[in-house]
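Each residue of the sequence shown is one higher than the last, beginning at 18 in my numbering.
The beta-carbon is built from N, C-alpha and C at its ideal position, and this holds for glycine as well.
A quick note: this is a predicted structure, and the numbers were derived from the prediction, not measured.
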Amino acid sequence: MTYEEHLDEVTTLIFERFGLSEAAAIKLVMRAQADGYFSEHDDDPTLCTQLRAEQDAKRVFKQYSKPVDEAPAKSRRPGPPR
């Protein structure tokens, strides 16, 4: 399968197996792609297999379905409440 087909398959598997909406599955794959997760796949088309798509779907869901960390809250000096 081509690189694009691989991304489509990973997206479809996330949608079907993890109960996300199609839009949410697309966002996960796009986040992973922007993060460079699929760079090797683009360089080496032999990685674009059904088995690898199934593995990637699990990894992408696990790694990218967590909320993005928010900026840390400013620490306040200890003292009496204001």
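Local conformation of residue i per DSSP, three classes
| i | result |
| --- | --- |
| residue 117 | The chain is shown only over 18 to 99; residue 117 falls outside these bounds and no answer can be derived. |
| residue 61 | coil |
| residue 44 | helix |
| residue 38 | coil |
| residue 52 | coil |
| residue 72 | helix |
Terminal residues of the alpha helix (DSSP H) in which residue i lies
| i | result |
| --- | --- |
| residue 32 | 20–35 |
Cβ distance (whole Å) where residue i is taken to contact residue j below 8 Å
| i | j | result |
| --- | --- | --- |
| residue 42 | residue 32 | 4 Å |
| residue 45 | residue 82 | 6 Å |
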